[in-house]
Every structure is written in C-alpha cells, then in structure tokens.
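Here's the structure, in structure tokens; my notes come after.
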Amino acid sequence: MEKGFNYFDTAHGYLGGKSETALRECLVKRYPRERYILTNKLTNFFFNKSEEVRPLFESQLAACGVDYFDYYLMHAQSEENFTKFKRCHAYETALELKAEGKIRHFGISFHDKADVLERILQEYPQIEVVLLQFNYLDYNDAAVQSKTCYDVCRKYSKPVIVMEPCKGGSLVNLPEDADAVLKALDGGSNASYAIRYAAGFDGITMVLSGMSDLDQMKDNLSFMEDFMSLSEKEQAAVAQVCDILRSKNMVPCTACRYCTDGCPENISIPDLFACLNAKKTFHNWNADYYYNNVYTVNNGKASECIKCGKCEKACPQHLEIRRLLEEVAEEFEKK
Ligand code: SF4
Ligand code: SF4
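Using this note's numbering, the first residue of the sequence shown is number 3, and each one after it goes up by one.
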C-alpha cells in the first residue's frame, strides 16, 4: 500500500475459505475503502440454484466486511461452467447487483479455448474485464491458448488481468539448465522475468503475481515500481527457457488443487505430478522419497485411481489426469 500497489484479489474458496476473512482483517479494517481495489469471484462449487447466488454474494460482502466489490468475476469460466452459470442466471444476478451499486465492474475469469471465450463475450457484452492465465510458457500452449484468448480480448476491447504469470511457481523453480539461462542475464529474479513478460503486452491492466511471502513481495515491488518490459535479450532468454522446458515433457500442472476435493480415492494429484516433474528434471531419489513417504501415506497412490474422471472436469488446464496418473504409477510404483 505504501508503494502504491492497491489491487487485491480473492475468492470464497481460497486458502480453505480463509482468504476473505484475512483480507477483512489485514486490509479492510486498516484502510479507508477508497484506498484499495477489491476483486471477488462467484465460484462454481458454492451454488447450485439461481436462488443461491445472491445470498452467496451477500455472504462474501460480509466476510470481507465491505459494502461493494470493485470487480466481481464469474470464476473459472469454461464451456461447462458457463452452461451452469447460465442455468442459474448467475450473470443476470451479478448485473442486477451491479445496477444496485454492490459491484462496480463485472467480469469473468477464464480457462478454456479461445472460441468459448469469444462466444461468452458475444453473449454478454456487459463483461468489462477478463482474468486470463497468461505467461511465457503458456503463450503458445495448445491447451491453455493464452495468445489466442488474449487476441479475443483485444478484438472485443476487453482489458485483461493476468493470473498465473509464474505458472504456479513453475517459472520460478526452474530446472538447472533453464535456470542458468536466466542467471546469465542482469541479476533479476526468475519471477521478475515472468511477471515483466506478462505485464509488457498492450491491454494488460494488472498482473496478479500470487506472492507467498514478504521476500517475494519485496522482489516484485523492486521491478514493478519503475516497470520496464523485457528487452530483446531478455525475450530471447525466456524463449530459450521455453524450449528447454518443452524438451523435458513436463506435466503442465499449476497446483491450483481444483481437482483434489472431489477425488473419491483422495489422491493428491498435483503433488504426484510435482514428483513426476521433479524426477524428470533431477533424475534422483528425492522424488521417490516424497512419493512414497509424503504424498501417498494418507492419500491414494496413482495406481488407485478408479478413473471416474471427476478431476478432469475440474481441471482448468484440461490435463488428461487419468492418463498422466498411469505415467506416475509406472514411474514410482514399478518394482
Ligand atoms: S479419475 Fe482418479 S484421480 Fe480423478 S477423481 Fe477419479 S479417482 Fe480421483
Ligand atoms: S491437475 Fe489441474 S486441477 Fe489439479 S492441480 Fe493441476 S492444474 Fe489444478
């Protein structure tokens, strides 16, 4: 706040339901309302009928201790979620709340193909902003389609807010050879190149860096205070990092954990993918240790997946989780 950064993003389910309360204590109780911009979201898991949308919204206002949200987003829109949101008149309810002054700006967060995004923007021209997954590795990724989704936003003149600029930490904790490419530059952190990359595009109004501690906050402030987009040399370096990462055939899981709640076998899916990625990267015993002694002690093993497919419906990255778990089982459970 002292440095002039005043945009805060939350959702009802973040941090096991504690994020809104934390914001109320840390932000709302300590600063006048006009000093900060607060975004909240309407999330699929917390309503099933039209009548439940408004009470959920009111409970979110109460949890945050505010009278209005600056932005309210239809969370994680995809073909499937959009169908449900429409069935429950979620967009219409949000627009009513906007007319009542309880929402200042109405938007969506989005995880699906660009043609789905285009259809939603055509159907609801009232959408004012789109929160997109956007980072240098996903820019040309066939599943995430950051570039084509961004192009659709530009076509419809929608400002873009970026999520996952560091891809859930994957662009920070790089494998050694990729890390060396960025270390050979001028001393910026790995996060700095990822965030500056995302922030350097026209029409990007905000980048949510997803900080976890004070050091990350200080690092982010150091390069975003006097922002400069990536130089040609830095652009070439991140392109080289992309080539290295793609050559390793890593599972592009962002560890959002949307898949884990509904799993009947209580499989800690993102942690098992992290083990597989670590094994592909470092080729040592460490990943086996974590697989056997940490992530499958109180949770199911990859081989215990009953292939019900619930996880894949929840995955914003559209990962073939069932097939990938077979790969995990092959790697860690073979005799
Ligand atoms: S398909 Fe497997 S991992 Fe996915 S929810 Fe079902 S049991 Fe869990
Ligand atoms: S598998 Fe998909 S839903 Fe699960 S944590 Fe990874 S990206 Fe998120």
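Yeah, the Cβ is synthetic: ideal placement off N, Cα and C, and Gly gets one too.
State yes or no: is the C-beta of K303 nearer than 6 Å to some heavy atom of ligand 1? no
Which of helix, strand or coil DSSP assigns to Q242: helix
Give me, in chain order, the residues of the same chain whose beta-carbon lies closer than 7 Å to that of P266; leave out the 5 immediate sequence neighbours on both sides. I308, C310
Please report the straight-line C-alpha distance between F229 and E236, rounded to a whole angstrom. 14 Å
Please report the distance separating the alpha-carbon of T23 from that of V68. 11 Å
Any chance the CB of C265 is under 6 Å from a heavy atom of ligand 1? yes
If K5 and L173 are in contact, beta carbons under 8 Å, what's the gap, nearest whole angstrom? About 23 Å separates the two Cβ atoms, so there is no contact after all.
Near F10, what residues of its chain come up, given a Cβ to Cβ distance below 8 Å and the 5 sequence neighbours on each side ignored? L25, L29, Y38, I39, L40, T41
What is the DSSP secondary structure of Q319, reduced to helix, strand or coil? The DSSP-derived three-state label of Q319 is coil.
Would C258 pass as a contact of I271 if the rule is Cβ separation under 7 Å? no
Candidates E166, V240, L75: which alpha carbon is nearest T95's? When only C-alpha atoms are compared, the closest one is L75.
Compare the Cα-Cα distances from N50 to each of V299, N300, A92, V162 and report the closest residue. A92
Taking only three categories from DSSP, how would you classify N295? Three-state DSSP puts N295 in a helix.
Going straight from the alpha carbon of I110 to that of K303, what length do you get? 35 Å
How do the region 165-184 and the region 236-253 stand: do at least 3 beta-carbon pairs fall below 8 Å, yes or no? yes
Could you check where the beta strand (DSSP E) with G19 kicks off and where it finishes? Here G19 belongs to no beta strand (DSSP E); instead the alpha helix (DSSP H) covers 16-19.
Roughly how many angstroms separate the alpha carbons of A200 and Q135, rounded to a whole number? 10 Å
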